[in-house]
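**Q** Sequential numbering from 413 applies to the sequence shown in this note's numbering. Even glycine gets a Cβ: it sits at the ideal position worked out from N, Cα and C.
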Amino acid sequence: MDTTHRDRTLSSRRTFLGHALSAGLALGVPLVGRAGAATEKIAFRLDWIPFGRHAPYYVSGAKGYYSSAGLDVTVEQGTGTLQGLRALAAGQVQFNFNDIGSMIVVRGRENLPMKAVACVYQKPPHTIFFIKGRGISKPPDLEGKKVAYSPGDSPKAIFPAFAKANGIDESKISWLSVDPNSKNSVLLNYTTDAMMTYNLTLPVLQKAARPGDDIGTFVYGDWGVDFYANGILAMEDYLEKKRDVAQRFVQATLKGIEFTLANPQEAIAIMKKSQPQLNEDLALKEVPILKDLIVTDFTRQKGLGRMTREKMQHTRDLMMQYLDLKTSVPVDSLFTNEFLG
């Protein structure tokens with residue numbers, strides 16, 4: 413869901429059973445047994461180019477979670493939200509790590525039968541960044557300030573919900589539309605007072621900030637706007653034909669997430685082996701932010717990836733209200749917990 417461009421594609425078409433996620437993370441998630449079964453090839457596309465947040469998927473491969481489940485998984489670099497959903501709908505990939513809200517919009521507008529089989533980001537990463545000590549300390553301080561965004565930004569589209577939850581008069585904000593690659597610089601060089609993107613960008617901003625500048629954040633999920641963000645998506649017809657494969661994939665993938673959150677340094681080192689361009693220091697700093705998106709009171713009780721009808725309906729209703737979705741897609745068609753065990 414944020415940052416730069418690059419290009420890399422590989423070939424062909426994930427239960428967290430831990431209910432103990434308090435101080436640490438439960439280990440030892442069992443995978444469905446595979447006595448002598450043929451290896452199933454799977455293409456799994458990310459949402460963007462590989463960053464530290466994507467370490468779990470490389471861990472699942474390198475630690476043998478996929479192969480032990482009888483899966484030959486190719487992790488593909490992503491090129492953006494819409495492109496990933498298109499590849500999924502076309503059958504070019506079997507699973508896509510992508511934004512659930514965007515999936516709801518695409519499903520409603522184009523009647524593409526895709527659904528979430530696990531929600532990874534239980535809390536939305538949508539975030540407003542600012543530099544502390546420059547007139548912003550609470551959300552209403554955005555009034556009278558200049559805020560940068562990029563056209564098509566989900567944080568900008570959902571901002572009215574954030575404004576409503578925090579008593580902000582939107583008409584008093586000056587908006588600055590910039591290229592996605594310019595958002596960091598316009599904040600750091602004081603061209604704008606704040607900018608919006610995703611909270612996983614924080615380590616990059618902190619590294620590039622001027623000496624003495626401290627980056628502040630308003631994460632939507634911490635300020636009254638809670639909905640499902642990125643998850644593992646698949647097409648309904650594939651899930652109907654390949655239920656056993658889907659269960660094995662979902663469970664093996666969530667096991668990689670569990671390992672990464674419990675062993676961040678090892679996980680990033682594993683990822684670095686297949687992604688040599690990775691900045692290990694920045695990648696490692698992403699993991700605590702990632703954990704905050706993934707591990708909630710709900711997942712501590714119910715397990716990673718699990719979704720509820722109520723929150724999915726709230727997510728759909730937000731998309732209808734703020735992303736101009738006219739079709740009320742049936743909530744039960746948007747997700748399943750079947751493959752979580």
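Go through its chain and collect everything with a Cβ distance to L735's Cβ below 6 Å, but skip five positions before and after it.
**A** Position 323 of the sequence shown, counted from the start, is the residue given in the question as residue 735. Taken in chain order, the residues that qualify are V517, A569.
**Q** Which of the three DSSP states is assigned to D693 in this structure?
**A** Taking the first residue of the sequence shown as 1, we reach residue 693 at position 281. D693: helix per DSSP, three-state reduction.
**Q** Alpha carbon to alpha carbon, what distance is there between K667 and G490?
**A** The residue labelled residue 490 in the question sits at position 78 within the sequence shown. The residue labelled residue 667 in the question sits at position 255 within the sequence shown. About 21 Å.
**Q** Three-state secondary structure (DSSP) at V532?
**A** As a position in the sequence shown, residue 532 is number 120, starting the count at 1. Three-state DSSP puts V532 in coil, outside helix and strand.
**Q** L645 bridges to which residues according to DSSP?
**A** Your numbering for residue 645 matches position 233 in the sequence shown. Its beta-bridge partners are N508, A528.
**Q** Assess contact between the stretch 623–632 and the stretch 528–541, defined as three or more Cβ pairs (one per stretch) separated by less than 8 Å. Is contact present?
**A** Judged by Cβ distances under 8 Å, the stretch 623–632 makes contact with the stretch 528–541, as three or more pairs qualify.
**Q** Determine the burial state of Y602: buried for a count of at least 16 other Cβ atoms within 10 Å of its Cβ, exposed for fewer.
**A** Indexing the sequence shown from 1 puts residue 602 at position 190. Counting Cβ neighbours within 10 Å, Y602 comes out exposed, since fewer than 16 surround it.
**Q** Give the straight-line distance between the Cα atoms of F456 and N508, rounded to the nearest whole angstrom.
**A** By 1-based counting over the sequence shown, the position of residue 456 is 44. By 1-based counting over the sequence shown, the position of residue 508 is 96. Approximately 6 Å, taken between the alpha carbons.
**Q** Out of curiosity, what's the CA-to-CA distance linking I701 and F463?
**A** In the sequence shown, the residue the question calls residue 701 occupies position 289. In the sequence shown, the residue the question calls residue 463 occupies position 51. Going from the Cα of I701 to the Cα of F463 covers about 13 Å.
**Q** For the structure I just gave you, are there three or more beta carbon pairs, one from the stretch 491–506 and one from the stretch 676–685, closer than 8 Å?
**A** Too few Cβ pairs lie closer than 8 Å, so no.
**Q** Which residues bound the beta strand (DSSP E) around M608?
**A** Residue numbering aside, residue 608 sits at position 196 when the sequence shown is read from its first letter. Where M608 is concerned, the enclosing beta strand (DSSP E) stretches over 606–610.
**Q** Let's test the definition: count the other Cβ atoms within 10 Å of the Cβ of G520 and tell me whether it reaches 16, buried, or not, exposed.
**A** If you number the sequence shown from 1, residue 520 lands on position 108. So G520 ends up on the buried side.
**Q** Restricting to runs no shorter than 3 residues, where is the beta strand (DSSP E) found entirely within the stretch 650–690?
**A** Segments of the beta strand (DSSP E) lying fully in the stretch 650–690: there are none.
**Q** Mapping the DSSP letters down to three states, classify Y602 as helix, strand or coil.
**A** The residue given as residue 602 occupies position 190 in the sequence shown. Coil.
**Q** DSSP state of K738, grouped into three classes?
**A** Your numbering for residue 738 matches position 326 in the sequence shown. Looking at K738 - three-state DSSP - the assignment turns out to be coil, as it is neither helix nor strand.
**Q** Using CA coordinates, which residue listed in I548, V505, K475 is at the minimum distance from V487?
**A** Residue numbering aside, residue 487 sits at position 75 when the sequence shown is read from its first letter. When each option's Cα is compared against that of V487, the closest is V505.
**Q** In this structure, does DSSP put K568 in helix, strand or coil?
**A** By one-based count along the sequence shown, residue 568 stands at place 156. If DSSP states are grouped into helix, strand and coil, K568 belongs with the helices.
**Q** Alpha carbon to alpha carbon, what distance is there between H466 and Q689?
**A** Walking along the sequence shown from the start, residue 689 turns up at place 277. Walking along the sequence shown from the start, residue 466 turns up at place 54. Cα to Cα, Q689 sits roughly 14 Å from H466.
**Q** W587: buried (16+ other C-beta within 10 angstroms of its C-beta) or exposed?
**A** The residue given as residue 587 occupies position 175 in the sequence shown. So W587 ends up on the exposed side.
**Q** For V471, which of helix, strand or coil comes out of DSSP?
**A** The residue labelled residue 471 in the question sits at position 59 within the sequence shown. Correct three-state label for V471: helix.
**Q** N642 to R622, Cα distance in whole Å?
**A** Looking up residue 642 in the sequence shown gives position 230. Looking up residue 622 in the sequence shown gives position 210. Approximately 31 Å between the Cα atoms of the pair.
**Q** Excluding sequence positions up to five away, which residues of its chain have a Cβ less than 7 Å from the Cβ of V741?
**A** Locating residue 741 in the sequence shown gives position 329, counting from the first residue. Once the five neighbours on either side are set aside, the close Cβ partners of V741 are I516, R519, G520, R728.
**Q** Could you tell me the alpha carbon to alpha carbon distance between I543 and L600, rounded to whole angstroms?
**A** As a working mapping, residue 543 is identified with position 131 in the sequence shown. As a working mapping, residue 600 is identified with position 188 in the sequence shown. Their backbone Cα atoms lie some 8 Å apart in a straight line.
**Q** Once the 5 residues before and after L617 are set aside, which same chain residues still bring their CB inside 8 Å of it?
**A** For this step, residue 617 is matched to residue 205 along the sequence shown. So the qualifying residues of the chain are F541, N596, L599, L600, I627.
**Q** For N510, does the count of other Cβ atoms within 10 angstroms reach 16, so buried, or fall short, so exposed?
**A** Position 98 of the sequence shown, counting from 1, holds the residue named residue 510. N510 is buried by the Cβ-count criterion.
**Q** Just to confirm the assignment, what range does the beta strand (DSSP E) spanning D484 have?
**A** Counting from 1 along the sequence shown, the entry for residue 484 is found at position 72. Element bounds for D484: 483–488.
**Q** Nearest to H726 by CA position, among S479, A560, V743, R546, is which residue?
**A** Along the sequence shown, read from residue 1 onward, the residue named residue 726 stands at position 314. Nearest C-alpha to H726: V743.
**Q** Is it right to say D459 is buried, meaning 16 or more other beta carbons lie within 10 angstroms of its own, or is it exposed?
**A** Against the sequence shown, residue 459 aligns to sequence position 47. That one is buried.
**Q** Indicate the three-state DSSP secondary structure (helix, strand or coil) for S586 in the structure shown.
**A** Sequence index remark: in the sequence shown, residue 586 carries index 174 (1-based). DSSP places S586 in strand when its eight states are reduced to three.
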